[in-house]
Amino acid sequence: MTELTVTLPDDLARQIRAAGLLDEPAVETVFREALRKQAVGEFFSALDEIQALKLPPMTEEEIQAEIDAVRAERRERSGK
167 MTELTVTLPD
177 DLARQIRAAG
187 LLDEPAVETV
197 FREALRKQAV
207 GEFFSALDEI
217 QALKLPPMTE
227 EEIQAEIDAV
237 RAERRERSGK
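Take 167 as the starting number for the sequence shown in our numbering and just add one per residue.
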């Protein structure tokens, strides 16, 4: 477990304390939610970039070929 020290403006710290967000479970929840939101934002940014490329849609066969290639690569790396 890692211990963190955070410096906040007094008024913000009072509001956070009043909202009950300074105990360990609440702080953990806040950080996990922030990480989840960041991951979602990155995902949608990547989708926007892909969409901007205006690539033709892949066929089911092309998608399956990509999946098969990734699976084969993973098997090769793991030695199976």
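Note that CB positions come from ideal geometry on N, CA and C, so glycine has one too.
In the displayed model, E169 falls within coil according to three-state DSSP, outside both helix and strand.
When rounded, the separation of the alpha-carbon atoms in A192 and G186 is 8 Å.
A205 and G245 have their alpha carbons spaced roughly 31 Å apart. Bounds of the alpha helix (DSSP H) holding P191 are 190 to 218.
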